[in-house]
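Engineer:
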Amino acid sequence: MREDLHTELKREWKDEYLRNVAALANTEGGTIYVGVDDHGDIYGVDRVDHYLKVIPDKIQNVLGIVAIVDNHVKDGKDYLTIKVSPCPDTVLLEGRLYVKSGSTTRELRGAEMRNFLTTRGDLAWADESVDVEPEQLDTYAFRAFKKAAVSMGRLTQEESELPMADLLGKLNLMRNGKPTRAAMIMFSPDAEEVSAAAGIRICKEINGDIEFFDEIYGPMFLSVDRALDLIMTKYTVTPITYEGIIRVENYPYPKDAIREALINAIANADYGCTYPIKISVLPDRLIIQNPGSLPYGYTVEQIIKGRVSKPRNRGIAMVFRTAGMSEAFGRGFEKMSLPYKEQGVALPEYEALPQDFLAIFTNIVVAKGIVSRDMNGKEVTSGGGNEIPEGLTDKERLILEIISKGEFTTIQEVSDRLSISHASVERSLKSLVAKQLIERVGSKKIGSWRRL
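Here the working numbering = 1-based position in the sequence shown + 7.
(1) Skipping 5 residues on each side, what residues in its chain have a beta carbon closer than 7 Å to that of A74?
(2) Are the region 75–87 and the region 33–53 in contact at 8 Å, needing three or more beta carbon pairs?
(3) Using a Cβ-Cβ cutoff of less than 6 Å, which residues in the same chain neighbour L354 once the five nearest sequence positions on both sides are dropped?
(4) Taking the runs of the alpha helix (DSSP H) that are 4 residues or longer, which of them lie wholly in the region 330–355?
(5) Buried or exposed for D363, please, with buried defined as at least 16 other CB atoms from any protein chain shown within 10 angstroms of its CB.
(6) L301: which of R266, G279, L360 and I284 sits nearest, CA to CA?
(7) Could you tell me which of Y303, R321 and T34 sits nearest to N179, measuring between CA atoms?
(8) Measure the alpha-carbon distance for I223 versus S287 and round it to whole angstroms.
(9) Indicate the three-state DSSP secondary structure (helix, strand or coil) for M181 in the structure shown.
(10) Mind checking which residues open and close the beta strand (DSSP E) that includes I273?
(11) By DSSP, does L104 sit in helix, in strand, or in coil?
(12) With 16 as the cutoff for other CB atoms within 10 Å, does G225 come out buried or exposed?
(13) Counting only runs of 3+ residues fully inside the region 10–94, write out the beta strand (DSSP E) ranges in chain order.
(14) Would you kindly work out how many angstroms separate the C-alpha atoms of G390 and M382, rounded to a whole number?
(15) Within 8 Å of any Cβ in chain C, is that where the Cβ of L31 sits?
(16) Buried or exposed for I108, please, with buried defined as at least 16 other CB atoms from any protein chain shown within 10 angstroms of its CB.
(17) Would you mind sorting A441 into buried or exposed? The rule is 16 or more other CB atoms within 10 Å of its CB.
(18) Examine the ligand SAM and report whether any of its heavy atoms sits within less than 7 Å of the Cβ of F219.
(19) Let me know if M8 comes out buried or exposed under the rule of 16 or more other beta-carbons within 10 Å of its beta-carbon.
(20) So what does L293 bridge to, in DSSP terms?
(21) Report the rounded CA-to-CA distance for Q419 versus G454, giving the unit in angstroms.
(22) Anyone know if the C-beta pair for G37 and T14 falls short of 8 Å?
(23) Please work out which residues of its chain come closer than 6 Å, Cβ to Cβ, to A324, disregarding the five sequence neighbours upstream and downstream, and give them in chain order.
(24) Please name the residue in E397, K262 and G215 whose C-alpha comes closest to that of R233.
(25) With DSSP collapsed to three states, give me the class of R113.
(26) Just to confirm my understanding: we take I311, look at its own chain, exclude 5 residues before and 5 after, and list those with CB closer than 8 Å. What are they?
(27) Roughly how many angstroms separate the alpha carbons of K241 and P259, rounded to a whole number?
(28) For F194, list the residues DSSP reports as bridge partners.
(29) Which partner residues of L99 appear in the DSSP bridge assignment?
Written out as structure tokens, the structure is:
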């Protein structure tokens, strides 16, 4: 006999071993042997009748659960067994949470504790209510949600006109007559005031240095498309090729896969943390990192294969499903992998850290060596293509990339797209002209910018 996930060996009973009882109840149950030493040899117990009464009473009075305590005799020596069943409700000892990990009893704290409680069906941090009226969430973001849900047939027009409290209730976003934190995170323009994790930070990284970054705040329901648009327009380059006369845009990352990953990150983020979702765009890969690891006791393999579907924030997941933005629970990983299978490129990878979850996507353009080509199949080089020379400012480089892809419309639209001032765009254009990298074709009103 030896200690393992389901077995504890104790030479004598001490009240401190109530934490071992709680740990077994919180994990998979098991048996504590009292009067048995660490080697599995019978040591013996005195005052058997006393312990047969005291131990079950203490377990019930302190932990609120029932354990079966029995006496056994071997080689003329008494020993006790305390059989503990797994408990569906979380068992706390003086406000502390204990679990079994292998043969060890551990106390969970902070993010690990929140993760465990969410997994057990207890409320996630974002499921707690806030002191606001439901009508305060009748925002632009909520109206956009209703429009999408009706369009997808997930809500009828009649349902979309229900009072705010009723609608939020249908989405699991009400508790004790008040909206939850999750409701505020999804629809409030001031979501970051509810949680510091309610935001997205996008960084362009080269050789370990951050070249530039953007921060997205506001209602998280709208943040998916805002982040996706920035990734596809500002943070990546899309080579242009032709199939006959058909122009083909070769996106480095499949839009549907990245959208699904962003939705997963928002639905599963631990909003009790103090840092937002982070997207790192590197030359050969893109990493989406959300605070909050996997459900306690589960592996990445179980999640990927669809054996487990436990969104941390059920209300947030319900919003995305009702709006038609995400697959049925458990289908998201399949959706993220499919474009990579079709392209014959390495599938996305996933990594569970102690307090975070990472989704890592390969840059398909880099992996397949795709470059811009003209209609004759000739490679478009720096004389007329997408290669960006050294020595440019970040703003000049971004504007040159837009011009190279033929996506420059008006100065104002580019200003809005890059989140820089009108004057900054004009200065960058003048600098690029002076460096003989672009020229103006046609009149000032109806002309266009062309890469030299």
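Just so it is clear, CB atoms sit at the ideal spot from N, CA and C, and this is done for glycine as well.
Structural biologist: Looking at the coordinates:
(1) V28, P63, I66, I89, K90 and V91
(2) yes
(3) S344 and Y347
(4) 339–350
(5) buried
(6) L360
(7) R321
(8) 14 Å
(9) strand
(10) First-last for I273: K262 to N275, but that is the alpha helix (DSSP H), not the beta strand (DSSP E).
(11) strand
(12) buried
(13) 14–17, 37–41, 75–81 and 84–91
(14) Reliability fails at G390, whose pLDDT of 45 lies under 50, so the model's placement of it is uncertain and no value is given.
(15) No chain C appears in this structure, which consists of one protein chain only.
(16) Sequence check: residue 108 is Ser here, not Ile. S108 comes out exposed.
(17) exposed
(18) Absent from the structure shown: the ligand SAM. Ligands present: none.
(19) exposed
(20) V288 and F368
(21) 15 Å
(22) yes
(23) A274 and P318
(24) K262
(25) strand
(26) F340 and Y357
(27) 13 Å
(28) Looking at the DSSP assignment, F194 forms no beta bridge with any residue, so it has no partner.
(29) L104
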